[in-house]
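The next block holds one structure in the form of structure tokens; read it before the comments.
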Ligand code: SAH
């Protein structure tokens, strides 16, 4: 039988499991604290447990601990990109960014992605597999340990579609915000989705107070379909009401991500239609100048077009920010570090 990963278990589950091993429930609390607060990488570190119990745990469970195979640190803004190797040999990437309001980590939710967004490097090789909750937690824990600084914000915006790995993503959110763990406020957690409608509606029912970010990228279905295959499954007339429902249920304002691609979605007519589309939505628009990937022909909008687009939205009452490009000197957009690492491996 395959061993369970102890890091993926809720405290109540761990208590139940230890009960079956004939251990008292306070032992579960101690172990949970070792794993999720003291960020222990090995059962051996759990010094207040007997040797016999540590041995029993080793026989019954695995304990995922991610070790970076590569860390790149930006000389411009201190952003760090981490490449982690998983126990099955797959590699994933995560990013640490420093803002005035705290330290933010962007994690991956899958190895690769099957959503197929045209401008995105993470999806070029398709989906390899889902990440476990432990592997998502492991990214944050390893980064907090390595950087020596508290992580205050988490965005699930790295490689993968979190709502395509729904159960593990929700488990991760509950555990990372647990006051018996790192206790990161749910208000400081963002899930970004390409727009899987039934899962957005399900997420609205979880009783979480996290921010939902929708990757919108176009003001109409036709344009959206040219950028995002998911738009063939769910039209804007379904996605936007689902977001509204999310706001209604959670009271959390929405974020709409809009990557500006030259000549595709960046003219003033599109700004105008976007304004009309979002008029009654409680949220703000985050404009992302597209990060060109070499496999595709998309170009970043020029500065004037970006400013004009932003100006139009602002003037018409839409809250808008332009995403600051972080770590420009350490290798491009989402998924590009992993992608370049894999091609290097292939050619060596
Ligand atoms: N699957 C999720 C989260 C991953 S991507 C989603 O689709 O939202 C996080 C954000 O970065 C998304 O809005 C995505 O569309 C955007 N993105 C991906 N590659 C990009 C690129 N090369 N340039 C600009 N934005 C990109």
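In the working numbering, the protein residues as written are 1 to 348. Cβ coordinates follow ideal geometry from the N, Cα and C atoms, glycine included. Only a predicted model underlies this, so the values are computations on that prediction, with no experimental measurement involved.
Do residue i and residue j have their C-beta atoms within less than 8 Å of each other?
i: residue 272; j: residue 312; result: yes
i: residue 137; j: residue 175; result: yes
i: residue 216; j: residue 247; result: no
i: residue 79; j: residue 330; result: yes
i: residue 21; j: residue 75; result: no
i: residue 243; j: residue 214; result: yes
i: residue 67; j: residue 121; result: no
By Cβ distance, which residues of its chain are closer than 6 Å to residue i, with the 5 residues on each side in sequence left out?
i: residue 235; result: 221
i: residue 261; result: 290, 298
i: residue 65; result: 41
i: residue 53; result: none
i: residue 98; result: 78
i: residue 144; result: 151
i: residue 34; result: 40, 46
i: residue 359; result: Residue numbering for the chain in the displayed model covers 1 to 348; residue 359 lies beyond these limits and cannot be assessed.
Going by beta carbon distance, what residues of the same chain come within less than 8 Å of residue i, once the five residues before and after it are set aside?
i: residue 171; result: 8, 10, 133
i: residue 5; result: 61, 62, 63, 64, 132, 134
i: residue 251; result: 209
i: residue 308; result: 268, 271
i: residue 314; result: 320
i: residue 37; result: 180, 181, 182
Mind reading off the beta-carbon distance from residue i to residue j? Whole number of angstroms is fine, and I expect it under 8 Å.
i: residue 283; j: residue 323; result: Residue 283 to residue 323, Cβ: 15 Å. No contact.
i: residue 287; j: residue 306; result: 7 Å
i: residue 186; j: residue 156; result: With a Cβ gap of about 12 Å, residue 186 and residue 156 do not count as contacting.
i: residue 69; j: residue 103; result: Contact flag wrong, Cβ pair sits at about 22 Å.
i: residue 118; j: residue 227; result: 5 Å
i: residue 229; j: residue 115; result: 7 Å
i: residue 95; j: residue 327; result: 7 Å
i: residue 109; j: residue 165; result: 5 Å
i: residue 316; j: residue 275; result: 5 Å
i: residue 232; j: residue 188; result: Wrong, their Cβ atoms sit about 34 Å apart, outside the cutoff.
Could you name the residues of the same chain whose beta carbon sits closer than 7 Å to that of residue i, not counting the 5 residues immediately before and after it, in chain order?
i: residue 111; result: 90, 92, 128, 129, 131
i: residue 245; result: 201, 204
Decide if the segment 179 to 193 is in contact with the segment 42 to 49; the criterion is three or more beta carbon pairs, one per stretch, under 8 Å apart.
no
Kindly confirm or deny that the segment 188 to 197 and the segment 157 to 164 touch, where touching means at least three C-beta pairs closer than 8 Å.
Counting Cβ pairs under 8 Å, three or more are found: they touch.
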